[in-house]
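Heads up: the structure comes next, in structure tokens.
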Amino acid sequence: MTTIAPPRGTRESRKPSPAKRGRAPFALWALGLLAVVPATTPIIYLLWTVLRAGVTDTGGIPPARLASLFASTAVLVAAVTLTTAVLGTATAWLTTRTDLAGRRVWSTLVTVPLVIPSYVGALAMLGTSGNSGLVTEALRAIGLPGLPVFTGFWATWGALSLWNFSYVHLLAVPAIRRMDPALEEAARGLGSSRWRTLRTVTVAQLRPALLSGSLLVSLYVLSDFGAVSLLRYETFTRAIYAQFRGRLDVTPALFLSGILIVVALVLVWAEQRSRGRAALAATRPTRVPERVRLRGVGRLGAYGFLTAVVTGALVLPLATLAWWTIRGLSLGNPVDTVLPELARSTSVAGGAAAITVLAVVPLAILTVRHASRRTRLLESVTWSTYSLPHLAVGLGFLVIALRFVPPLYQTVSLLMVAYVAMFLPQALSAAQTGLRQVGVSIEEASRGLGVGAFGTLRRVTLPLLGPSLLAGGALVFLTVMKELPATLLLRPTGFETLAVRIWSASSELFYTQASLAALALVAVSAVPLYFLVARDLHD
Amino acid sequence: MPDEYTLAIRARQVDRRFGAVLALDGFNIDVHAGHVMTLLGPSGSGKTTALRLVAGFDRPDHGSIEVGGVVVADESTFVPPENRRVGMVFQDYALFPHMTVARNVGYGVDRDIRRRRVAETLDLVGLDGKEQRLPHELSGGEQQRVALARALAPEPSVILLDEPFSNLDAALRTRVRTEVADILRTAGTTAVFVTHDQEEALSTSDFVAVMRAGQVVQAARPTDLYHDPVDEWVASFLGDADFFGGEAASGKVATPVGEFPTNLKGSVRVMIRPESVVVSPNETGTAVVRQRQFFGHDQLVTVALKEGQEIRARLGPTPYLEPGDPVSVSVRRATTFPAR
Amino acid sequence: MRRIIAILSAVALLAACGGEDTADTTTTTASVETTTTSPPSGTTTTETPDTTANPSDPLVLYSGRNENFVQPVIEAFTAETGIEVDVRYAGTGELATTILAEGEDTPADVFWAQDPAFIGGIAKEGLLGELPTDILELVDDRYRDSDGRWVGITGRSRVFVYNTDLLSPDETPATVWDLAEPEWQGRFGVAPTNGSFVAFVTGMLLAEGEDRTREWLEGIAANDPVIFEGNGPIVDATVAGDLPGGLVNHYYLLQRVAELGDVPAENHYFADGDPGSMVMAAGAGILITSDQPGAAADLIRHLLSAESQEHFLGLFEYPLIEGAGSPEGQPPLEELPVFDISLTDTADTLEPALSLISESGLN
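Residue numbers (my numbering), protein chains in the order written: chain A, 254 to 792; chain B, 39 to 378; chain C, 12 to 374.
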């Protein structure tokens, strides 16, 4: 049965909710704050830098330049968000609601590009196009003119869309599954045309998922550093890094970072507002909707579309990387750094995942079992670091460590703190979902049977939470493996990870090293991705 | 023996507020050891809140709660649930999904006596042989019995059951209800049920406390409650009833269906339950059958009286009546209340 | 579940501890030796290595030169002296900013920059110590700091690399000022964050003053240049034919030719007096806060040793010690077009140059 939940602010029931337990023990709050507070200090510092610089003195950046940065960034964000929304919904719909063959396989294939960070995709794009690129060589072999080199706005738009639309797909699939055909039938029965039904009923049911997905993608685009640099499109992040590299004073870079953070927070706020109006709270529909039959041109077109997407996002980049690697290896280029870097990347990602998972348990209990205005505030604060561009966060941590905690400067520990700060919310949301599924009555049952709070946590809650915590950890692992800008800034001297290697090698166009490192990164990332996606998609 | 020592649960003037909602408002109850008590009331009457306060999952704002003579909650004390020796069966059973039946049942029992108690309790509820099953492999009724066994295994002084039969389908409900009541009697444990189903309350309990708006309106044995409800609302809540207004004088009150004795004076309301009404076909009768609902084993007949009011009668499958038939009506028993 | 917790905790611990140890990028071989090594020909050793610092602490080098270039030389140094070196590779400007931000707490012992301006800026802040005279004497005074705080290791000339299929020699820009003209719109590449570009602008500022420099930079920025992060990508794009040409240092093309054989590209040198013909030194200096100045000096001496300079020669940069020769097929250093400015003075125009570059919109 589908109901439309009342808008926020109205009392939904007069019964006292047994799901909440009242005020939380002090220990929980202490642990929760410990996990969250260090993460927010760089943000506060950066925002303070912006305020201190004032509106008139824009940190040494000419206002005209600021304006043009705003414009170019905004255009990119809007374009990519729109494209990914359409792409992701289309692939989700085609693999869920139609009668195409091999739907599950297609759905999985469409999600695999998530292992490819956008800068690797950009690298592959560069390696495919231009006079030395793979596709150009192939085309020339059959007598066709080669491709021009892919750079600038269109290339960046393409790259960011191709390697981010999978997020929308992942969110749209369960939303489409939960859609109730009864609503559409009711609309049609009331005389609404197919198009109007699609607009007002179908899309409305998908709206929360699409909004979340779009927010995720737009934040990624704001944050993206590697792809825009490689493909040479001026955005805020590129300017921040250029300022950091090209000036003697850190202030302009900090100032721009502060602005970027404000923009990100505005986006988050906007999404919260537009989501709050009415929520469609759906349970499993009573009937599975009929599959849409695709015939003839439609069917061919659908297969073609899916093939094109998978080729562009997965096959072509991997092929390009492999080609460059093989070519370079045959020329005798050195690649001995890849294994230690692989080890470093993996251990650092694993460590960050482990710490995050541990840190997240008290926070999850606090926000789910002892929900109150204060815990909601704590939760928003936790999420604030997540939405922020990593370059900005990294810069903030760098400056804070340098000025206030020098022993931490250029250490792996600082890197870990930054990772946990940035990616804690991923694990938190997984833990919260798991905790909600465990249900409070089970914990009360344990308490009623004589087992205290800690014993209940150990014997009942944590075992049941296990799968969700693992999922959260896998997500963090995946994200840390791919992380580039913060790692670049905060790493100890000589501590190169795969991501850093890809970046520095491609900046000097040592394609062999970059490609091999990229392939290693993709291979290792595939493991947690499989674990995550196989669980969610085919539920 | 002084009363205090036979009281399994005593609640005095308990208040509990959730924001703007006053869930319990001066809640008082005594539950004697070995009895089965049911808190009966509509949704929002506070019965579940009361149960949770006794169990210790919530804390009263005012008032005191004693279990087995020991104060477990008042202005200055609060004993956490794990130290109260109060068993609880939840509405959704709350079985630990990752543990077998045996481990679920033995969860609250000391290690040294665990095997014995698990075996005994499972035998008591009729589930021996299912020790190694996981909860999701059992039927609804079996899950419920596991929940009961788990609550009973630690030999608590009191066991609380929160709408335990609501998740079962109707056919199963009656049978399971009786079984559970028997099990509890055999075990001799004090039990407090919470339900909104008056049939369930009346049939399984030694005492029923009817709750409305956070207070106990009347607590009595089922028969007393049914036949001598303290006011109209309780009367209607416990079963079908029809009401007539009248003036009481000299120990009697007259109604369209006859005269009844009463101790009250002045305006009164007369309550008549359908099963006290006898309807017989009578060609000269002034009453007319207006509607008839046939249930197989009984029928509910609505009769229109000469004066215009209606009265319902619950009869056996015979006589066969049709709307429009003239009948005569007599009433065996009535209860009077002062008119408000 | 317990297993999972155990595994996760173990990984966390490992990562937190293990990270520091794997920080070395250089191969670590022999144990530390504290005896003086036999000096390479061309240097006179007047100092013994400083043994007050813990000899097992690695030397920290901040290098604006890229890894493939630096690695072999460092490895040779460690093999000879047993002193381990931790190298941080990044852009020269970024490293300079980092050192400034780190201030007294900087872990760096040696800074090896790609250009004289940024390292001059660091020297100007008083963060570089005076080098031993024997080191300073190895290099002509044109290619080192006049106060002795940094010394040039290799020399390079600014050039305009161009693709010979797309441009004939007469079509190349006659002067660097031409690049602001409409005919060059969208047809050239620059790397405005690169140290060499910044140094080139400081040179222009010294010679031509602020107004002309600002005018040129704004003209360039408005002329749709293709912006790159570094010089290498400019040359690769030019060689591939994706770009007609760009402003780079001379050796990049020569390295590509050595690697790939014949390519359709050439270096175009600007004329005497043209800022575009600036010859710069990539300099190195010792941080004044270093606790291993002796070992640091040894490193710099090693960079100026005959074998290291020979290595740089092989990579087509100009060695700066006497009698080391010039890269194959290149005119000797003295015969390159002359743009007469003092490299030391570029430190004074660094800040204005950076501001101008930023204000022009290039950065």
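Heads up, the beta-carbon is just placed ideally off N, CA and C, and yes, glycines get one too.
query                                                                                                                     : result
Three-way DSSP call (helix, strand, coil) for Y262(C) in this model                                                       : helix
G717(A) at chain B interface by Cβ criterion, 8 Å                                                                         : For clarity, residue 717(A) is Leu in the given sequence; the question names Gly instead. Interface residue, yes.
Same chain, Cβ closer than 7 Å to T357(C), neighbours up to 5 away in sequence not counted                                : P127, A128, G131, A210, T213, G214, L217
Any chain B beta carbon closer than 8 Å to L475(A)                                                                        : no
Minimum Cβ-Cβ distance from E105(C) to chain A less than 8 Å                                                              : yes
A124(C) in three-state terms, based on DSSP                                                                               : coil
Residues from the segment 728-739 of chain A in contact with chain C, defined by Cβ distance under 8 Å                    : none
Contact with chain A by G140(C), beta-carbon distance below 8 Å                                                           : no
A724(A) at chain B interface by Cβ criterion, 8 Å                                                                         : no
Residues that R700(A) contacts on chain B, provided the C-beta gap is smaller than 8 Å                                    : G94, F95, P118, P119, E120
Rounded separation between T351(A) and L782(A) - CA only                                                                  : 25 Å
W522(A) versus A602(A): straight-line alpha-carbon distance, rounded                                                      : 30 Å
Counted within 10 angstroms of its Cβ, other Cβ atoms place H335(B) as buried (16 or more) or exposed                     : exposed
Closest by C-alpha distance to A375(A), when choosing among I514(A), F478(A), L785(A)                                     : F478(A)
Contact under 8 Å by Cβ, L160(B) with D166(B)                                                                             : yes
Residues within the segment 86-117 of chain C neighbouring chain A, beta-carbon criterion of under 7 Å                    : D97, V98, R99, Y100, G102, G104, E105, A107, T108, L111, A112, E113, D116
Spatial distance of L331(C) from R155(C) (CA atoms)                                                                       : 10 Å
Reference F748(A); option with closest CA among A596(A), T732(A), V454(A), R491(A)                                        : A596(A)
Cβ separation of S314(B) and R371(B), assumed to be a contact under 8 Å, to the nearest whole Å                           : 4 Å
Beta-carbon separation (whole angstroms), D68(B) vs R48(B), contact threshold 8 Å                                         : 5 Å
Partners in chain B for G703(A), counting only beta-carbon separations shorter than 7 Å                                   : E120, G146, P192
Chain B within 8 Å of I618(A), Cβ atoms only                                                                              : no
CA-to-CA distance, L501(A) to A107(C), given in whole angstroms                                                           : 7 Å
First through last residue of the alpha helix (DSSP H) which encompasses G179(B)                                          : 178-190
V327(B) versus V246(B) - alpha carbon distance                                                                            : 35 Å
Amino acids of chain A, ordered along the chain, whose beta-carbon sits closer than 9 Å to that of S369(C)                : G313, I314, P315, R318, A495, Q496, G499, R500, P505
Rounded distance between the beta-carbons of V196(B) and V230(B), thought under 8 Å                                       : 7 Å
Cross-chain neighbours of Q690(A) in chain C, by beta carbon under 9 Å                                                    : Within 9 Å Cβ-Cβ: nothing; Q690(A) doesn't reach chain C, min ~16 Å.
Inter-residue CB distance, G102(C) and R498(A) (contact presumed, cutoff 8 Å)                                             : 5 Å
Uninterrupted alpha helix (DSSP H) stretches inside the segment 622-664 of chain A (no shorter than 4 residues)           : 626-639, 643-657
Length of the line joining the Cα atoms of I291(A) and A645(A)                                                            : As written in the sequence, residue 291(A) is Pro, which differs from the Ile given in the question. Their Cα atoms are separated by approximately 15 Å.
Three-state secondary structure assigned by DSSP to E362(C)                                                               : helix
L361(C): contacting residues in chain A (beta-carbon distance under 8 Å)                                                  : L501
Short Cβ contact (8 Å threshold) for G284(B) with V308(B)                                                                 : yes
Sufficient close CB pairs (3 or more, under 8 Å) joining the segment 660-678 of chain A to the segment 738-746 of chain A : yes
Coil, strand or helix - E169(B) by DSSP                                                                                   : coil
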